[in-house]
Amino acid sequence: MSTDTAPAVLTVTAEQAGGTAGELLKAAGVKDSAVARVGGELRDLAHVVAEGDVVEAVPYGSEDGRAVLRHSAAHVLAQAVQDLFPGTRLGIGPPVKDGFYYDFLPERPFTPEDVAAIEKRMSDIVRQRQRFARRVVTEQDAREELADEPFKLELIGLKANSSEDDGSSVEVGGGELTVYDNLVGEELVWKDLCRGPHLPTTRDIPAFRLMRTAAAYWRGDQANPMLQRVYGTAWESRDALKAHLTMLEEAEKRDHRRLGAELDLFSFPDEIGSGLAVFHPKGGVVRMAMEEYSRRRHVEEGYDFISTPHITKGQLFETSGHLEWYAEGMYPPMQLDAELGPDGEVRKPGQDYYLKPMNCPMHNLVFRSRGRSYRELPLRLFEFGTVYRYEKSGVVHGLTRARGFTQDDAHIYCTREQLKDELSSLLTFVLGLLRDYGLEDFYLELSTKDPVKYVGADATWDEATRTLEEVAQESGLELVPDPGGAAFYGPKISVQARDAIGRTWQMSTIQLDFNLPERFELEYQAADGSRQRPVMIHRALFGSIERFFAVLLEHYAGAFPAWLAPVQVVGIPVHSDYDGYLLDIAKKLKAQGIRVEVDTSDDRMQKKIRTAQKAKVPFMLIAGEEDISKGAVSFRYRDGTQENGVPVDEAVAKVVQAAEDRT
RNA sequence: GCCGCCUUAGCUCAGUCGGUAGAGCACCUCACUCGUAAUGAGGUUGUCCGCGGUUCGAUUCCGCGAGGCGGCUCCA
């Protein structure tokens, strides 16, 4: 993505001291530098350097360079908004992944027309070549200058303990308070409390575009007022901007919600409810193929298959603690079996039944159903377990965030001594399985203890975390730390996968649990006859089948590999006289378990090819007089290439082979 | 849940400044029987998301609700 190439590094000589970083870089022939890194800190090009300072160029296309140009673009956005809508109060405006935003408290929400006008005004500001000038101010001065900006005043008050989390550090993060003035000539046209650094002038912003408006809570807190956020994207060149917009278009084209409808895979009927999918025959068969292969692999890896109900009495989730902590994420209970007297008095209290939001408590009951021996461990209990979570209405999103979904869930019970080997083979299994489904590019994330919110002994955490880390490192994959990201009951590794267009998805999670074995009093008898508590590992490889389905659908842009494709082969007769010939071939394919259809409609052949092509069918077998006379077919691939005169048995074998090879 | 936008045929979308609607694709019928991404002609299809209000009259205006989209917050 970024265009980092060894940037120029200079050391300031006595003669150069007193000049600016920009002059220095210019004299050295460096053109591509958004700002300068001086002694490790990012500084404006106007920063005055001292003898001995080490000055490094920061190319526009580097990560830091992009952040700076995006931050400058955010300032231009804020200025444009205040030009057009005087009285609008400023929130914050940091750079973010792929762009920037600025939060506002306007007198009324922005309309799409407003956004177009703001963007146009921004272009004007860019053309004016306004200079970004840094000015150190005292807190007292800052408060006076920004008396009309209540949010900025709040930030000044927070200066001492600003954090990266809420973006406020871009305003007041440095050691001193600074204001950036926008100057046309020497005339002050706008200013903003800002830590900087910035590009030299607005004209130096190479390419930007406003994307959308949305709402956001002030400083990310639900309890705070809702501001209007305007999102933009900005890049080091017009080409880079264009490439980004093209990528977004591509992402939209392969959006699983759109492909799901286009390819007739699944839908979300209003009558059923938000976040609850139905899979149509074509989606159903893909799902079946996914599940079948997963089952086969789990059998090979020594898992035992179990099955548990969708509902349970509330007691189970009291034992597990879910009702205590996550009740608002669960569907409310069904009250059953209460008996009322004639006056409505309770004669017999009822029971609360809940839809399960997780499978683990039930798996624990299977473990606990009889005494367990160390000889049985590791015990690996697997199920495609369907769970229901009452996701808040605003977060439901296609198959990736649904209210009902099926996890490929397993719980592994083992001894502490077995933990390392078990985790190690598990990670190998996970990565291998994901590769079999066509994902290739991974990195790992290690979520470690939240120093405040956790259960279990520190020593246990340390040991387990170290084990996870060792296992992760042995995989050879990049390992990204996620400090404090663990659940309260144990550390975890998650596998992140990059898809065909470079987006990352959290896939599998491997999670240790120090809590549930205690709560369920899980025990096994050890070799010495003592009763021991097993270690518990939660793991889901797909996460949920629905979500994995969506990821694969987007990864492949609907063009599933042959083994997963809902229809693997379409027979296309050149003329209806040849329907029978292809139907016979289809019979042979079906006998080998291939999903095949023959297009016997009275469309023309060209139309049939188009139809099959749009359905993204991997193989087309075309037959006309020429082929039949040779006992052959014309074998067309989804990419448009074709082999003519392929003997029928050979064609069948090719298809069967492709399906078996999972290509 | 919060803010904003949206909801018209199976799909994508026009349209009605308040007088109950249309295109393309899909689907159906007929004709065509054709060699590599759309043969032609004809036809069917709508509680204009639901409920209430205003009105002589509401798909259109207002209110409430449901669902969707984009964010925020959340994601055990």
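Take the first sequence: its letter number 432 is residue 448 in our numbering, and every next letter is one higher.
We put the beta carbon where it would ideally sit given N, CA and C, even for glycine.
Computed from a predicted model, the values in this text were never measured in an experiment.
Enumerate in chain order the residues of its own chain whose CB-to-CB distance from residue i is below 6 Å, with the five nearest sequence positions on each side excluded.
i: K624; result: I588, D615
i: Q367; result: K329, L352, D353
i: A573; result: R270
i: K670; result: none
i: G257; result: The question names Gly, but residue 257 in the sequence shown is Leu. Cβ neighbours of L257 beyond the five flanking positions: A223, W251.
i: A66; result: A33
i: S49; result: L41, A73, V74
i: G276; result: F282
i: Q522; result: S510, Q512
i: P327; result: The sequence given here places Ile at residue 327; Pro does not occur at that position. The answer, listed in chain order, is Y369, L371.
Return the chain-ordered list of same chain residues with a C-beta closer than 7 Å to the C-beta of residue i, the five sequence neighbours on each side being excluded.
i: R7; result: The requested residue 7 is not part of the displayed model; the chain covers only 17 to 679.
i: R145; result: T217, T218, R219
i: A30; result: E67
i: I610; result: Q584, V585, V671, V672, A675
i: K207; result: V195, Y196, D197, N198
i: D424; result: S310, F400, A556, L557, F558, I561
i: A89; result: F116, I221, F224, G248, A250
i: I141; result: V92, Q95, A96, T218
Identify which residue in the options has its Cα closest to the Cα of residue i.
i: T402; options: H413, F383, V412, A426; result: A426
i: N531; options: Y470, V511, V294, Y117; result: Y470
i: D69; options: L162, A33, Y76, V84; result: A33
i: M374; options: E165, L339, P122; result: L339
i: D655; options: Y76, S592, R384, F576; result: F576
i: L264; options: L568, Q527, E659, R519; result: R519
i: D515; options: L450, Q541, A475, A473; result: L450
i: D197; options: V153, Y594, A163, A503; result: V153
i: L605; options: E659, K632, A667, I644; result: A667
i: L568; options: P499, V302, G609; result: V302
i: F421; options: Y406, Q434, L435; result: Y406
i: F436; options: F536, A628, A488, R652; result: Checking the sequence, you will find Lys at residue 436 rather than Phe. Minimum Cα distance to K436 is reached at A488.
i: T249; options: A232, L243, R225; result: R225
i: G345; options: S336, Y404, H214, P297; result: Y404
i: L209; options: E486, R150, A83; result: R150
i: E456; options: E641, E266, L447, T464; result: L447
i: Y117; options: R273, E355, A267, R228; result: R228
i: V590; options: G115, G647, S139, D643; result: D643
i: V315; options: F445, Y347, D474; result: F445
i: E537; options: D677, A607, L381; result: L381
i: H571; options: V633, E268, M636; result: E268
i: S645; options: Y594, T464, P582; result: Y594
i: Q658; options: R159, R678, F635, L243; result: F635
If we count the other Cβ atoms within 10 Å of its Cβ and call it buried at 16 or more, is residue i buried or exposed?
i: W477; result: buried
i: M350; result: exposed
i: A341; result: Note on residue identity: the sequence assigns Trp, not Ala, to residue 341. Exposed, by the Cβ-count rule.
i: A639; result: buried
i: R419; result: buried
i: R86; result: buried
i: D665; result: exposed
i: S179; result: Because S179 sits at a pLDDT of 48, beneath the cut-off of 50, its placement in the model cannot be relied upon, and the following sentence gives the value as read from the coordinates. S179 comes out exposed.
i: D619; result: exposed
i: R312; result: exposed
i: I288; result: exposed
i: A503; result: buried
Leaving out five residues before and five after residue i in sequence, what residues of the same chain have Cβ atoms less than 8 Å from its Cβ?
i: T525; result: K508, I509, S510, V511, H554, R555, A556, G559
i: P4; result: There is no way to answer for residue 4, as the model of the chain reaches only from 17 to 679.
i: C430; result: L393, P394, L395, E438, P550, V551, I553
i: V682; result: Nothing about residue 682 can be reported from this structure: the residues present for the chain run from 17 to 679 only.
i: V362; result: A354, E355, L356
i: S389; result: Y540, Q541
query: Taking one C-beta from the segment 320-340 and one from the segment 380-399 each time, how about it: are there three or more such pairs within less than 8 Å?
result: yes
message: Within 8 Å, do at least three Cβ pairs link the segment 543-563 to the segment 292-309?
response: yes
field: Contiguous beta strand (DSSP E) assignments of at least 3 residues, all confined to the segment 243-298
entry: none
message: Check whether the segment 401-416 and the segment 279-294 are in contact - that is, three or more C-beta pairs closer than 8 Å.
response: yes
message: Taking 8 Å as the cut-off, does the segment 540-554 touch the segment 595-606 (at least 3 CB pairs, one atom from each stretch)?
response: no
task: Within the segment 533-590, note down every full alpha helix (DSSP H) run reaching 4 residues or more, in order along the chain.
output: 561-571
- prompt: Three or more C-beta pairs closer than 8 Å, one from the segment 228-245 and one from the segment 68-83: is that the case here?
  reply: no
field: Cβ pair count under 8 Å reaching 3, the segment 101-120 against the segment 153-169
entry: yes
- prompt: What are the uninterrupted segments assigned as beta strand (DSSP E) that are 3 or more residues long and contained completely in the segment 194-235, given in chain order?
  reply: 203-209, 223-233
- prompt: Do the segment 286-295 and the segment 369-385 make contact, defined as three or more Cβ pairs closer than 8 Å?
  reply: no
message: Could you tell me which whole beta strand (DSSP E) segments of length 3 or greater appear in the segment 340-371?
response: 350-352, 362-364, 367-371
query: Can you list the beta strand (DSSP E) stretches of 3 or more residues lying completely in the segment 18-85, in chain order?
result: 25-27, 51-54, 57-59, 70-74
field: Every unbroken alpha helix (DSSP H) within the segment 402-464, with a cutoff of 4 residues, ordered by chain
entry: 432-452
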